[in-house]
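Structure, as structure tokens:
Numbering (the UniProt record's numbering), first residue to last: 1 to 119.
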């Protein structure tokens, strides 16, 4: 989307949302009028999603997929990694260290006969 159009839509939605939120503060309204103002504000939020956020997200996805395809063309052969290396990259290190230490402690206790395996 062109930047001036995007700025105009964003400014319009901001002003509309602001005034829709201020209506109950400036006027004494009955329940039906407050409900209409709430529906108007919700419509502005949905309009924001449909006009700005969703198209921007789609264009970002398309740009990232295009850059991914360009990077795939640069690399002619895939890099083969060992399974242990792949798993090491996917597991967060600080979360694994206590588990490994606890597992080693339990193995040592089993070897010494301190832990009863029959439960």
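Backbone N, C-alpha and C define an ideal beta-carbon position, used for all residues, glycine too. None of these values were measured; they are calculated from a predicted model.
Look at the alpha carbon of residue i and the alpha carbon of residue j, and state the distance between them as a whole number of angstroms.
| i | j | result |
| --- | --- | --- |
| residue 52 | residue 31 | 31 Å |
| residue 47 | residue 16 | 11 Å |
| residue 6 | residue 105 | 60 Å |
| residue 28 | residue 60 | 44 Å |
| residue 18 | residue 10 | 12 Å |
| residue 56 | residue 13 | 16 Å |
| residue 63 | residue 110 | 55 Å |
| residue 2 | residue 41 | 25 Å |
Would a C-beta distance cut-off of 9 Å place residue i and residue j closer than the cut-off?
| i | j | result |
| --- | --- | --- |
| residue 24 | residue 39 | no |
| residue 37 | residue 20 | yes |
How should residue i be labelled, buried or exposed, when 16 other C-beta atoms within 10 angstroms of its C-beta is the threshold for buried?
| i | result |
| --- | --- |
| residue 44 | buried |
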